[in-house]
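K.L.:
Handing you this structure, nothing more for now.
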Amino acid sequence: MTAAQLHREYFPQVSEDTVRRRLKDEGLKNYKQRTVPLLKAPQVDRRLEWGESVLLWTVQNWRAVIYSDASKFEVFRVDTRRRVWRMPGEALHPQKTAKKVAHGGGSVMVWGCITKSGVGRLHRISEQLTSTGYAKILSEDLLGTLSDHRIHPHDIYFQRDGDKKQWTKLVMTLLEDHGIDSLPWPASSPDMNIIENLWAYLDEKVHNKKKPPKNTEELWESLRRKWLKIDQKYIDNLYESIPTRIQRLVEVKGGNTKY
Numbered sequence: 039m040t041a042a043q044l045h046r047e048y049f050p051q052v053s054e055d056t057v058r059r060r061l062k063d064e065g066l067k068n069y070k071q072r073t074v075p076l077l078k079a080p081q082v083d084r085r086l087e088w089g090e091s092v093l094l095w096t097v098q099n100w101r102a103v104i105y106s107d108a109s110k111f112e113v114f115r116v117d118t119r120r121r122v123w124r125m126p127g128e129a130l131h132p133q134k135t136a137k138k139v140a141h142g143g144g145s146v147m148v149w150g151c152i153t154k155s156g157v158g159r160l161h162r163i164s165e166q167l168t169s170t171g172y173a174k175i176l177s178e179d180l181l182g183t184l185s186d187h188r189i190h191p192h193d194i195y196f197q198r199d200g201d202k203k204q205w206t207k208l209v210m211t212l213l214e215d216h217g218i219d220s221l222p223w224p225a226s227s228p229d230m231n232i233i234e235n236l237w238a239y240l241d242e243k244v245h246n247k248k249k250p251p252k253n254t255e256e257l258w259e260s261l262r263r264k265w266l267k268i269d270q271k272y273i274d275n276l277y278e279s280i281p282t283r284i285q286r287l288v289e290v291k292g293g294n295t296k297y
C-alpha cells in the first residue's frame, strides 16, 4: 500500500507528506512491488509436501535432474523499473523516454532444457503447442540433448510443469519407452525451477547489446547464439542453489520464496 493510499483510506486528517515521513521514521522504505504466483491453499500444501519429500537431496542428487520449460521473448522490451533524471517539462523529451512498440514488436516462443553439463537444445515453437507437438519436441530435442551430452536416459529425472499436454498418455509412453523417470512437480512453482533464472539471464543478454534485435527473426538468431554461449559456471551455480531453495520453501510452509 502506498503513502497516498494510507493517507486517503486511514489518515485523511494529516497530509500525505506527514504519512510518508512517519513511514520513514519507522524504518520503512519504498520498494517496487514483486510479482509472484497467486497460490491457493491446496497449492501451498502441495508445495510444502513436495519440499519436505526432497529436503534431504544433495546438489549431486539435483544434478541428475533435467529442467525444462517454454518461454516467450519479446522483440522490444520496456524495463518498467527504469528511472531517469530530468528537468520539469522534459517528460516527453526523446532522450528521456522509453520506447514502446505495439504488441512488443512481435515475439518468439521457445522450449528449452538445462542439464548439469550445460544447456540443452533450444526449440522454436511456431504454432500453438499440442500434446503431439510436445511429444515431438521431446523425441527430437530432449533425446537429442541427452545424446549431445552423452547422458544415459536411465541416469536422469526429467522435470516439467503440470500442463496437461505434458502428462498425456502419449508423452508418458514416450518417456517410459526410453527409460526416463519423471520428477513429480508442484503446480505454480517457477521459483523452484532453475531454468526460469536462465530465461531471465538469456533475455538480458539478448537485449543488452549495442544492436538489439529489430524483428522476430533477428530475435530468434540472437536467442540461439546467446543460449549456446551461456557460461557453465552460471549453470553450476543454479544447481548449487537448489538445496537452499528447497530449505526456504519448507521454512515458509510452501509459500512464495524470493527465487
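Using this note's numbering, the first residue of the sequence shown is number 39, and each one after it goes up by one. Glycine included, C-beta positions come from ideal geometry on N, C-alpha and C.
1. For the 8 angstroms Cβ check, are there 3 or more pairs between the stretch 248 to 264 and the stretch 203 to 221?
2. Assuming the contact rule is C-beta atoms closer than 8 angstroms, Ser145 and Lys110 should be a hit. Round their C-beta distance to whole Å, please.
3. Should the stretch 211 to 221 be called in touch with the stretch 281 to 288, which here means at least 3 C-beta pairs below 8 angstroms?
4. Pull up the CB-CB distance for Asp107 and Ile233, whole angstroms please, since I reckon it's below 8 angstroms.
5. Give me, in chain order, the residues of the same chain whose beta-carbon lies closer than 6 angstroms to that of Arg84; leave out the 5 immediate sequence neighbours on both sides.
6. Can you give the Cα-Cα distance for Ile175 and Leu276, rounded to whole angstroms?
7. Among residues of its own chain, excluding the 5 on either side of Gly182, which ones have a beta-carbon nearer than 7 angstroms to its beta-carbon?
8. Please report the straight-line C-alpha distance between Thr295 and Val74, rounded to a whole angstrom.
9. Does Asp199 come out as helix, strand or coil in the three-state DSSP assignment?
10. Need the endpoints of the beta strand (DSSP E) that Ser145 sits in, please.
11. For Arg198, count neighbouring C-beta atoms within 10 Å of its own C-beta (all shown protein chains included) and say buried if the count is 16 or more, exposed if not.
12. Can you tell me where the beta strand (DSSP E) holding Tyr317 begins and where it ends?
13. With DSSP run on the structure shown, which of helix, strand or coil describes Ser53?
14. Please report the distance separating the alpha-carbon of Glu54 from that of Ala42.
15. Helix, strand or coil: which one does DSSP assign to Gly182?
16. Can you tell me whether DSSP reads Ile273 as helix, strand or coil?
17. Checking 8 angstroms against the spacing of the C-beta atoms, do Ile273 and Ile152 come in under that value?
18. Suppose contacts are defined by Cβ-Cβ distances below 8 angstroms. Is Trp258 in contact with Leu240 by that definition?
19. CA-CA distance, Ile268 and Lys243?
20. Which residue comes first and which comes last in the beta strand (DSSP E) that contains Arg162?
21. Looking at Leu21: is its Cβ nearer than 8 angstroms to the Cβ of Ser185?
22. Consult DSSP for Gly156 and reduce its assignment to one of helix, strand or coil.
23. Of all the options Gly292, Lys249, Lys207, which has the alpha carbon lying nearest to the alpha carbon of Phe114?
24. Using a Cβ-Cβ cut-off of 8 angstroms (strictly less than) and excluding sequence neighbours within five positions of Val298, which residues of its own chain qualify?
P.N.:
Checking against the coordinates, here is how it stands:
1. no
2. 5 angstroms
3. no
4. 5 angstroms
5. Pro224
6. 24 angstroms
7. Arg159
8. 9 angstroms
9. coil
10. 145 to 153
11. buried
12. It is not possible to answer for residue 317, since the shown part of the chain is limited to 39 through 297.
13. coil
14. 6 angstroms
15. helix
16. helix
17. yes
18. no
19. 9 angstroms
20. 161 to 163
21. No statement about residue 21 is possible, as the shown extent of the chain runs from 39 to 297 and does not include it.
22. strand
23. Lys249
24. Past the edges of the chain, shown from 39 to 297, lies residue 298, and the structure says nothing about it.
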